[in-house]
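See below for the structure under consideration.
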Amino acid sequence: MGSLSGPNNEPYVDFHSKWKEEQEQLTDELRSALDADLGEMQLRELVRKVETHYEEYYAAKDDAVRQNVLTVMQPAWKSPLENVFMWIGGWRPTMVFQLAYAQAGQQMEAELAEFLQDLDTPSMASLSAKQLQRISDLQVVTQKAEDELGHRQAILQQGLVDQPLLTLAAVELSGDASAEQHPAEHALTDAVDEKVKGLEDLCHDADRLRCDTLKKMLKILTPVQAAQYLVAAAQLQMAIRRIGVAKQGAAEQHKNGDELEHKNGETETHTKETKQSSTIDIDIDITELIRSVLGVYIQGFRQGVYGFV
1 MGSLSGPNNE PYVDFHSKWK EEQEQLTDEL RSALDADLGE MQLRELVRKV
51 ETHYEEYYAA KDDAVRQNVL TVMQPAWKSP LENVFMWIGG WRPTMVFQLA
101 YAQAGQQMEA ELAEFLQDLD TPSMASLSAK QLQRISDLQV VTQKAEDELG
151 HRQAILQQGL VDQPLLTLAA VELSGDASAE QHPAEHALTD AVDEKVKGLE
201 DLCHDADRLR CDTLKKMLKI LTPVQAAQYL VAAAQLQMAI RRIGVAKQGA
251 AEQHKNGDEL EHKNGETETH TKETKQSSTI DIDIDITELI RSVLGVYIQG
301 FRQGVYGFV
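Just so you know, we're using the UniProt record's numbering here: the sequence shown kicks off at 1 and counts up by one.
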């Protein structure tokens with residue numbers, strides 16, 4: 001089982017790392033453009049640049065899925081926290097709408113304060129009735145497609161315990177050296193390979209729905225709103241990534257500390273003090289990030305204001 005290759009034959013993990021760095025750079029560009037109050041044409045170009053960046057990611061990921069879908073579904077380049085919340089190899093497409101509602105609710109409070117100060121700053125809180133209707137229609141279609149993919153995933157998982165596979169597994173593991181065992185072993189491998197192929201198709205369709213939903217949402221928004229939306233999406237993604245890496249590092253540090261204490265009892269006090277100091281620093285960082293993430297999600301409960309389900 002070889003390592004995955006990226007678009008330019010580099011290791012996929014290197015491509016992914018470079019893509020994340022570029023995402024941070026593009027997010028900074030969007031943020032600076034919004035702060036500088038650039039015109040719609042310039043913002044539109046930047047939004048399209050970010051959109052293309054996402055398209056490149058999904059094209060590379062689709063190729064990686066064809067190479068080894070099992071590695072992509074449980075990627076070593078993501079933290080355990082990120083992996084455990086993945087849905088068919090990525091984020092749920094309907095999160096596109098949850099983020100929009102959360103951001104709109106969050107900005108509504110800010111705009112209310114600006115309104116009282118006679119200021120006018122366009123944002124996600126300024127969604128028009130037509131925009132809201134288009135978002136609602138897109139959400140219905142996306143939810144249906146997401147449910148269908150979830151149903152396909154369930155069928156694929158349940159198929160692992162169907163009668164043909166059970167029979168083949170029993171023959172293959174029976175220890176019988178008869179002539180029928182060798183064909184049964186191949187038949188079992190072929191049956192599992194068929195399931196893996198189904199998983200490849202499922203992951204491909206899920207990624208296509210993710211990418212298409214994001215692009216359709218951006219088309220509904222104005223350039224300013226789209227830029228603000230992409231900044232919020234990237235910030236949330238990067239915050240969760242940092243939390244996951246920090247938690248993983250804390251867990252590994254705890255494990256290594258326990259091993260050192262077990263090997264050398266004389267350094268027990270020093271090791272505990274080091275662990276405690278590092279954990280405090282990590283916990284402070286995590287707390288700040290969690291606040292920023294929860295701030296977005298908590299606002300999502302206000303989506304009822306807009307009449308969405």
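Glycine is no exception: its CB is placed at the ideal position from the N, C-alpha and C atoms.
Boundaries (first-last residue) of the alpha helix (DSSP H) holding residue i
i: residue 355; result: Any question about residue 355 goes unanswered here, given that the chain covers just 1 to 309.
i: Gln74; result: Looking at the DSSP string, Gln74 is not in any alpha helix (DSSP H), and its letter there is neither H nor E.
i: Val47; result: Glu40 to Gln67
i: Leu150; result: The amino acid occupying residue 150 in the given sequence is Gly; Leu does not appear at that position. Taken as a continuous stretch (DSSP letters only), the alpha helix (DSSP H) holding Gly150 covers Ala129 to Gln158.
Nearest to residue i (by Cα), restricted to the options the options
i: Lys49; options: Val231, Glu252, Arg242 and Gly249; result: Val231
i: Gln103; options: Thr71, Leu160, Val140 and Leu221; result: Leu221
i: Asn9; options: Asp63, Ala233, Trp91 and Glu51; result: Asp63
i: Gln131; options: Met238, Gln98 and Met217; result: Met217
i: Lys219; options: Ser126, Met238, His53 and Ile135; result: Ile135
i: Met41; options: Pro223, Ala250, Ala239 and Gln98; result: Pro223
i: Gln237; options: Thr189, Ala251, Gly90 and Asp190; result: Gly90
i: Leu202; options: Glu55, Gln157 and Gly105; result: Gln157
i: Tyr229; options: Gly105, Asp190 and Pro11; result: Gly105
i: Asp162; options: Ala251, His186, His53 and Val192; result: Val192
i: His16; options: Leu38, Glu56 and Val140; result: Glu56
Residue j beta carbon less than 8 Å from that of residue i
i: Thr94; j: Gln235; result: no
i: residue 311; j: Gln225; result: Residue 311 lies beyond the range of the chain shown here (1 to 309); nothing can be said about it.
i: Gly198; j: Leu81; result: no
i: Ala33; j: Leu43; result: yes
i: Lys247; j: Glu51; result: no
i: Ile67; j: Ser5; result: This sequence places Gln at residue 67; Ile is not what is there. In this structure, Ser5 lies closer than 8 Å to Gln67 by Cβ.
i: Glu146; j: Arg92; result: yes
i: Tyr58; j: Cys211; result: yes
i: Thr213; j: Val96; result: yes
i: Ala227; j: Val47; result: yes
i: Ala60; j: Pro7; result: yes
i: Lys195; j: Leu160; result: yes
i: Glu200; j: Val13; result: no
i: Arg241; j: Ser3; result: no
i: residue 312; j: Leu138; result: In the structure as shown, the chain starts at 1 and stops at 309, and residue 312 therefore has no counterpart that could be examined.
i: Gln143; j: Ala125; result: no
Opposing strand residues paired with residue i [DSSP bridges]
i: Trp87; result: Gly90
i: Pro11; result: Ser5
### Query
Does the stretch 83-98 come within contact of the stretch 18-32, defined as at least 3 CB pairs closer than 8 Å?
With the cut-off at 8 Å, the stretch 83-98 and the stretch 18-32 do not touch.
### Message
Contact between the stretch 144-158 and the stretch 191-211 is defined here as three or more beta-carbon pairs at a separation below 8 Å; is this criterion met?
### Response
Touching, yes, given that three or more Cβ pairs across the two stretches are closer than 8 Å.
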